[in-house]
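All remarks here apply to the structure that follows.
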Amino acid sequence: MKQYVFSLLFALFALATWPTQAAEVPVRPAKDFPHDLVITYVYHGLPIPMRLNWQATEGRYSLKLGANLFGRTRAFTSDGRLGKSGLEPEHFTDIRDGKLQNEATFDWANHQITLHDGDKTSTETLEKGTQDLFSTAFQFAIGGVRSQNFSFSMVSGRKIYPHVAFEVQGEKNWRVGGQVVKVILLRGTFEDRVFDFWLAPQWSNLPVRMIFNLGNDAPLDLWATEITIDGKSVLDAPAPTDSSGKD
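Structure representation (structure tokens):
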């Protein structure tokens, strides 16, 4: 009997002291996220460059994604606070040929968001965690993703997409020029809209590909071709292909 009790106590002690492995998370938060970042994208299949500039300092961030082709310009901007919970957008704009097309203004203190689209203006409830179309990628990059499935609201200057359902669809190898980069695909869906973000963990989870399929509008499919992180070039290559590559 004593032998049995001793064996049982030993087994319980072993279970209590057995090292536990931390639960895996789909996307780990980026460490030392860049303060200054430039990413050049191209439209998939078309040699149209679009440059993204990101800057973060003193608890604030700003990003601008812009293109210039044959004298025509298009630019999206997002700026706001940057804190422990990640990005808290305050203003989002869509500008074409220097003219404001639409914008979203976030009033976090009063939980309201105002959309201004042409001559139409509306104010609606601002839910916690809401992001604009382009701040979303950086929220994923900085804060990471802890669940395989989750949801939050997204906005453009025209529309609120409430409770977009996101799923982490796994990791794959993605060939960029002569490099093979591991990427994690996060896909969000809302009705017939699809939002894809391909994050590269080796580059602070930066979005190396983004796809916005917004219903009747032509899909916006952006592929990174050049990346400069805090003044250092980490990618300078031709447009990528969608081949799997090998480690």
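Here the sequence shown stands for residues -22 to -1, 1 to 225, where the numbers follow mature numbering (1 follows the signal peptide of the UniProt record, and there is no 0). In this text, a Cβ means the ideal position worked out from N, Cα and C, and glycines have one as well.
Item: Note down, one range per segment and in chain order, each beta strand (DSSP E) of at least 3 residues found wholly within the segment 98 to 183.; Value: 98 to 103, 127 to 133, 138 to 154, 157 to 168, 171 to 178
Item: Would you list the residues sitting across from Val69 in a DSSP beta bridge?; Value: According to the sequence shown, residue 69 is His rather than Val. DSSP lists Asp57, Thr83 as partners of His69.
Item: Just the C-alpha distance for Thr92 and Pro7, rounded to the nearest angstrom, thanks.; Value: 30 Å
Item: Going along the chain, which residues of its own chain have a beta-carbon closer than 7 Å to the beta-carbon of Asp75, five neighbours each way excluded?; Value: Arg50, Thr51
Item: Indicate whether Val161 and Trp176 have their beta-carbon atoms separated by less than 8 Å.; Value: yes
Item: Given a cut-off of 8 Å, decide if Arg165 and Glu149 are closer than it, judged by their beta-carbon atoms.; Value: no
Item: Where Phe112 and Tyr139 are concerned, what is the direct C-alpha to C-alpha distance, given to the nearest angstrom?; Value: 14 Å
Item: Is it the case that the Cβ atoms of Glu81 and His89 are separated by a distance below 8 Å?; Value: no
Item: Taking the CB atoms as reference points, tell me whether Val212 and Gly122 lie closer together than 8 Å.; Value: no
Item: Kindly indicate which three-state DSSP category Arg6 falls into: helix, strand or coil?; Value: coil
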